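Just so you know, the sequence shown maps onto residues 199 to 475 in the numbering used here.
Glycine included, each C-beta is placed from N, C-alpha and C at the ideal position.
As the structure is a prediction and not an experimental result, all values here were calculated from the model.
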Amino acid sequence: MITLLAVAMLSATNLTWRDAGRDREIPVRIYAPANATNAPLIVFSHGLGGSREGYAYLAQHWATNGYLCVVVQHPGSDDSVWRGQRDKLSAMRQAGNWENARQRALDVSFVITQMSKDPRVNPNAIGVAGHSFGAQTALLVVGQRLAAKSYRDPRVKAAIPMSSPRPAIGEVYRDVTTPCLHLTGTRDDSLIFNTTARDRRFAFDNIKGPGQWLVTFEGATHMTFAGRGEPQHLAWIREITTRFWDAHLKNDRAALVWLSDGGLEKLVGAGGVVEYK
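Here's what the structure looks like:
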């Protein structure tokens with residue numbers, strides 16, 4: 199739970215940047231802790247049909263724990279694709295294409311470049327997270343291939359893909375060596391591309407690199423990770439993700455031990471299944 203005092207100690211600022219090279223405007227919302235200095239940076243990619251207004255339950259929590267968090271809005275796959283549409287599902291399907299996937303990965307790298315100029319940011323401690331289509335974005339940025347092409351950004355030290363879509367083959371993950379925390383739920387399915395809850399573990403199962411965690415929450419749905427779920431699930435997601443960032447962006451040894459040596463399993467208990475490799 200985030201207290202009113204904690205919220206008062208952070209700022210949330212909306213900006214729109216222009217990537218001249220792609221002639222593309224990119225809206226962002228920046229959550230920053232008060233008096234931030236040398237702060238680790240987290241870039242968050244929303245799900246298909248989302249916007250920079252979402253995922254505040256995570257961005258605020260991370261900011262209150264010392265992270266500078268940027269929620270990116272991706273033109274072409276944001277909320278503009280379904281607003282005013284009679285057949286929203288069809289509009290969303292059309293927007294979930296390879297070109298938008300490619301542009302999203304480039305959006306994230308552009309935002310990292312922009313934020314690396316910010317004196318509050320530690321450019322050597324950068325993480326990327328995302329939900330659904332945004333989980334694919336996060337994975338692309340750490341090495342998942344799209345149409346045989348890599349969009350890997352070596353500046354990214356860790357990633358949190360939540361509710362990852364399933365690609366056709368596991369070979370697309372062969373270049374992923376970045377530590378990842380994969381999150382899903384036993385009811386994490388989606389009608390847009392007929393994705394099943396079982397599909398969500400495909401990335402974890404096929405990434406060969408070490409430092410991969412998968413947490414499957416009992417009863418969690420696809421929208422749980424967008425902040426529309428049981429309070430207990432949301433509390434776990436906040437704590438687990440923060441510990442993961444602490445371990446990989448703050449080099450917190452105690453947090454890494456907690457993740458790998460029983461602390462994570464103890465927290466979740468019968469409420470989920472934890473896997474690690």
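From the DSSP output, which residues share a beta bridge with M442?
For clarity, residue 442 is Phe in the given sequence; the question names Met instead. Looking at the DSSP output, F442 sits in no beta bridge, so it has no partner there.
Can you list, in chain order, the residues of its chain whose CB lies under 8 Å from that of A232, leaving out five sequence neighbours each side?
M207, L208, S209
Local conformation of F308 per DSSP, three classes
helix
Those residues which DSSP pairs with A356 across a bridge:
G325
Counted within 10 angstroms of its Cβ, other Cβ atoms place N180 as buried (16 or more) or exposed:
Because the chain here runs from 199 to 475, residue 180 falls outside it and cannot be looked at.
Using only alpha-carbon positions, find the residue among V339, E416, T422, G274 that is nearest to T376.
Minimum Cα distance to T376 is reached at V339.
Where L203 falls, given that 16 or more other Cβ within 10 Å makes a residue buried:
The predicted position of L203 is uncertain, since its pLDDT is 47 and thus under 50; a value taken from the coordinates is nonetheless stated next. With fewer than 16 Cβ atoms within 10 Å of its Cβ, L203 is classed as exposed.
So F242 and A254 are supposed to be a Cβ contact under 8 Å. How far apart are they, rounded?
At roughly 10 Å, the Cβ-Cβ gap does not stay under 8 Å, so F242 and A254 are not in contact.
Given a cut-off of 7 Å, decide if W215 and I228 are closer than it, judged by their beta-carbon atoms.
no
Which term fits T439, buried or exposed, when burial requires 16 or more other beta carbons within 10 angstroms of its beta carbon?
buried
Whether M290 touches L246 by CB criterion (7 Å)
yes
If I measure Cβ to Cβ from I358 and keep anything under 6 Å in the same chain, skipping five residues before and after, which residues do I get?
Non-local C-beta neighbours of I358 in its own chain, meaning closer than 6 Å and more than five positions away in sequence, comprise A327, L379, T439, ordered along the chain.
Neighbour flag for S348 against chain C, beta carbons, 7 Å
Protein chains in the displayed structure number just one, and chain C is not present.
Short of 8 Å in beta carbon distance, which residues of its chain neighbour V268, apart from the five on each side in sequence? Order them along the chain.
V226, R227, I228, Y229, L239, I240, V241, F242, V309, M313
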